[in-house]
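Worksheet for the structure shown next.
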Amino acid sequence: MTGIRNPAVAGTFYPGRHDELMAMVDAMLADAPDSESSPKVIIAPHAGYVYSGSVAAQAYRRLAKVRKKIKRVVLLGPSHRVGFRGIAASSANSFSTPLGKIPLDVETIKLLTAVTQTTFLDKAHAQEHSLEVQLPFLQRSLDQFQLIPLVVGDADKKAVAEVLEFLWGGEETLIVISSDLSHYHPYDEAKSLDAETSGKILALQDDLQGSEACGCRPLNGLLYLAGKQGMRVEQLAMLNSGDTAGPRDKVVGYGAYVINHQPRVKVQEDYSLAQRQIMLQLARDAIQQALLGNKNFDVKLKLYPQALLKKTASFVTINLNGALRGCIGSLQAHRPLLIDIIQNAQSAAFRDPRFKPLSLQEYQQIDIHISVLTEAVPFPVKDRQELLEKIRPGKDGLIIRARGKSATYLPSVWEKIPQPEDFITELRRKAGLDPTGWDADTEVMRYQTVEFS
Numbered sequence: 006m007t008g009i010r011n012p013a014v015a016g017t018f019y020p021g022r023h024d025e026l027m028a029m030v031d032a033m034l035a036d037a038p039d040s041e042s043s044p045k046v047i048i049a050p051h052a053g054y055v056y057s058g059s060v061a062a063q064a065y066r067r068l069a070k071v072r073k074k075i076k077r078v079v080l081l082g083p084s085h086r087v088g089f090r091g092i093a094a095s096s097a098n099s100f101s102t103p104l105g106k107i108p109l110d111v112e113t114i115k116l117l118t119a120v121t122q123t124t125f126l127d128k129a130h131a132q133e134h135s136l137e138v139q140l141p142f143l144q145r146s147l148d149q150f151q152l153i154p155l156v157v158g159d160a161d162k163k164a165v166a167e168v169l170e171f172l173w174g175g176e177e178t179l180i181v182i183s184s185d186l187s188h189y190h191p192y193d194e195a196k197s198l199d200a201e202t203s204g205k206i207l208a209l210q211d212d213l214q215g216s217e218a219c220g221c222r223p224l225n226g227l228l229y230l231a232g233k234q235g236m237r238v239e240q241l242a243m244l245n246s247g248d249t250a251g252p253r254d255k256v257v258g259y260g261a262y263v264i265n266h267q268p269r270v271k272v273q274e275d276y277s278l279a280q281r282q283i284m285l286q287l288a289r290d291a292i293q294q295a296l297l298g299n300k301n302f303d304v305k306l307k308l309y310p311q312a313l314l315k316k317t318a319s320f321v322t323i324n325l326n327g328a329l330r331g332c333i334g335s336l337q338a339h340r341p342l343l344i345d346i347i348q349n350a351q352s353a354a355f356r357d358p359r360f361k362p363l364s365l366q367e368y369q370q371i372d373i374h375i376s377v378l379t380e381a382v383p384f385p386v387k388d389r390q391e392l393l394e395k396i397r398p399g400k401d402g403l404i405i406r407a408r409g410k411s412a413t414y415l416p417s418v419w420e421k422i423p424q425p426e427d428f429i430t431e432l433r434r435k436a437g438l439d440p441t442g443w444d445a446d447t448e449v450m451r452y453q454t455v456e457f458s
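Residue numbering for the sequence shown follows our numbering, beginning at 6 and increasing consecutively.
Next comes the structure, spelled out in structure tokens:
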């Protein structure tokens, strides 16, 4: 698929004419209760508008106060027509409805496919209604925005959570999960089943089954992430087709929920697999571009997760055939983490005074190891013996300063020097100090690292 993904269910699930569709959506939004909240996540149903539109409208009405702030919508829904593993992105440039075209965030989608279990699979999007029916509500609820549409196939909750974590962003990004609830039970039985499922959603239980919600896979990924981050889900509405426009012998359930903006507790060590892959790939690309003569390796920081843009210190280590080939890093956080990694990668490859500049032939065989540092804090000790007693082998990185000289060992050095006595001796030797001595003006700083390669 290239260019435009045209609507597949206009005229069936919702009106196919511009004016009729706009009037219908606007009327449903006007009838929904108002609120001062600002959702970060919406969970909305995807049946025909006469069945579930009034339920979906209660979630989208919550966007009224933030319609100008939201510039990107990440939309996930289940696959109803195509079986596949993983998560499917679209290669289209825009998605169209009778209300107009919605541009896709093409650059971010390309990056997403490079670092997560997301692949381009246009056939998953071609006839899928779970995403399409959300689009007119988004078009009438928001101003200008870009779309990242993802159809979730056979993907586990951690794979979905990884994608959500990668795309989470700030107030500019809205997450929408498309799902109905139970299918084709008698009215009273469906009400009971859906109430139980709704209770699981509110309790952040991430083990929903397809019989409970057709969008169980994207929902479970969201609930898994919400549980990790201490979020709270709010239920806005729950009805079924027997309440709206259908008979009551076989009904489909619908629920509307939101997760409002709230602080996210995120420890530095919680870099996802996708984020680690981004850091490693950028380090490698920076070295390659320098070898090819492009010294000004430019990256568009706005495309990357906020966790990778905070001022953070790092070290980049290059190994060749199991031996050290270069290692350069920062001890103080003074620039965005991704920039720090790019600069340190190029310095380790070409400016480590212990080695010749890396060659293109060597580049093909190198391994890259990245250490992301926590903030170094004072480690007050009165003498060498106290340092030996308090240091934590395998965990602590040390900076030692004395007589105008300094050196550091990363925690990873413990793998080669496991004994504290030897660790301190070699660290002092590296600093140009008496290896077995101690100086009256000695200052020690301690830090930890997140290590990956």
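Don't be surprised by glycine CBs; every beta carbon is placed ideally from N, CA and C.
Three-state class that DSSP yields for residue i in the structure shown
| i | result |
| --- | --- |
| Met33 | helix |
| Met284 | helix |
| Val270 | Any reading at Val270 must be qualified, since the residue scores a pLDDT of 34, below 50, and its modelled position is unreliable; the value itself is stated next. Note: Val270 maps to coil in three-state DSSP. |
| Gly91 | coil |
| Asn11 | coil |
| Asp303 | coil |
| Tyr54 | helix |
| Arg359 | coil |
| Asp212 | coil |
| Lys45 | strand |
| Pro20 | coil |
| Cys332 | strand |
| Val256 | strand |
| Gln463 | Nothing can be reported for residue 463, as the shown portion of the chain is limited to 6 through 458. |
Residue closest to residue i, alpha-carbon to alpha-carbon, out of the options
| i | options | result |
| --- | --- | --- |
| Tyr56 | Ala15, Arg66, Tyr229 and Val257 | Val257 |
| Cys219 | Arg340, Leu117, Val386 and Leu81 | Leu81 |
| His339 | Ala328, Leu314 and Arg356 | Leu314 |
| Gln280 | Thr121, Asp446, Val111 and Gly53 | Thr121 |
| Val79 | Ile107, Ser319 and Thr178 | Thr178 |
| Phe150 | Leu136, Thr123 and Leu109 | Leu109 |
| Tyr19 | Pro103, Lys76, Phe302 and Ile47 | Pro103 |
| Gly168 | Leu147, Leu230 and Gly88 | The amino acid at residue 168 is misidentified as Gly; the sequence shows Val. When only C-alpha atoms are compared, the closest one is Leu230. |
| Glu2 | Leu365, His266 and Ala288 | In the structure as shown, the chain begins at 6 and stops at 458. Residue 2 is therefore absent and cannot be evaluated. |
| Gln348 | Ala288, Gln366 and Phe360 | Ala288 |
| Lys106 | Pro385, Gly8 and Leu207 | Gly8 |
| Thr249 | Glu448, Gln293 and Gly53 | Gly53 |
| Leu147 | Met284, Leu34 and Leu329 | Leu34 |
| Asn245 | Leu228, Tyr189, Pro223 and Leu297 | Tyr189 |
| Phe384 | Tyr368, Arg451 and Leu308 | Arg451 |
| Ile375 | Ile404, Leu143 and Pro416 | Pro416 |
| Ala328 | Leu26, Gln286 and Asp372 | Asp372 |
| Pro191 | Asp185, Asp199 and Ser184 | Asp199 |
| Leu60 | Val418, Ile114, Leu186 and Tyr414 | Per the sequence presented here, residue 60 reads as Val, with Leu not at that position. Nearest C-alpha to Val60: Leu186. |
Counted within 10 angstroms of its Cβ, other Cβ atoms place residue i as buried (16 or more) or exposed
| i | result |
| --- | --- |
| Tyr73 | First, the residue type needs correcting, since residue 73 is Lys and not Tyr in the sequence shown. Exposed: under 16 other Cβ atoms inside 10 Å. |
| His23 | exposed |
| Thr17 | exposed |
| Lys421 | exposed |
| Leu306 | exposed |
| Ala37 | buried |
| Thr454 | buried |
| Lys300 | exposed |
| Thr317 | buried |
| Arg433 | buried |
| Arg408 | exposed |
| Val181 | buried |
| Glu112 | exposed |
| Ala441 | The displayed chain sequence assigns Thr, not Ala, to residue 441. Label assigned to Thr441: exposed. |
| His85 | exposed |
| Gly260 | buried |
| Glu170 | buried |
| Val382 | exposed |
| Gly58 | buried |
| Pro398 | exposed |
| Arg145 | buried |
| Gln139 | buried |
| Arg269 | For Arg269, the predicted model reports a pLDDT of 40, less than 50, meaning its position is unreliable and no value from the coordinates is stated. |
Residue i: CB within 7 Å of a non-hydrogen atom of the ligand COA
| i | result |
| --- | --- |
| Asp110 | Among the components of this structure there are no ligands whatsoever, and the ligand COA is therefore not found. |
Within-8 Å CB hit, residue i to chain D
| i | result |
| --- | --- |
| Gln390 | Going by chain labels, chain D is absent from the structure shown, which holds only one protein chain. |
(request) Starting from the N-terminal side, write out each stretch of the beta strand (DSSP E) that is 3 residues or longer and does not extend beyond the segment 184-210. (result) 188-190
(message) Tell me whether the segment 421-429 and the segment 384-395 touch, counting them as touching only if at least three CB pairs, one residue from each stretch, are closer than 8 Å.
(response) yes
(request) Answer yes if the segment 326-338 comes into contact with the segment 353-362, meaning at least three C-beta pairs across the two stretches below 8 Å, and no otherwise. (result) yes
(request) Could you say if the segment 240-260 and the segment 319-327 meet the contact criterion of at least three C-beta pairs nearer than 8 Å? (result) no
(message) With three or more C-beta pairs closer than 8 Å as the rule, is the segment 32-43 touching the segment 59-72?
(response) yes
(message) What ranges does the alpha helix (DSSP H) occupy inside the segment 77-123, keeping only unbroken runs of at least 4 residues that lie completely in it?
(response) 111-120
(message) If we require 4 or more residues per run, which alpha helix (DSSP H) segments fall completely within the segment 118-180?
(response) 127-131, 134-137, 140-146 and 162-172
(message) Under 8 Å, with one C-beta from each stretch per pair, do the segment 151-162 and the segment 84-99 reach the 3-pair mark?
(response) yes
(request) May I ask you to verify whether the segment 235-249 touches the segment 197-211, counting CB pairs closer than 8 Å and requiring at least 3? (result) yes
(message) Could you tell me which whole alpha helix (DSSP H) segments of length 4 or greater appear in the segment 417-450?
(response) 425-436
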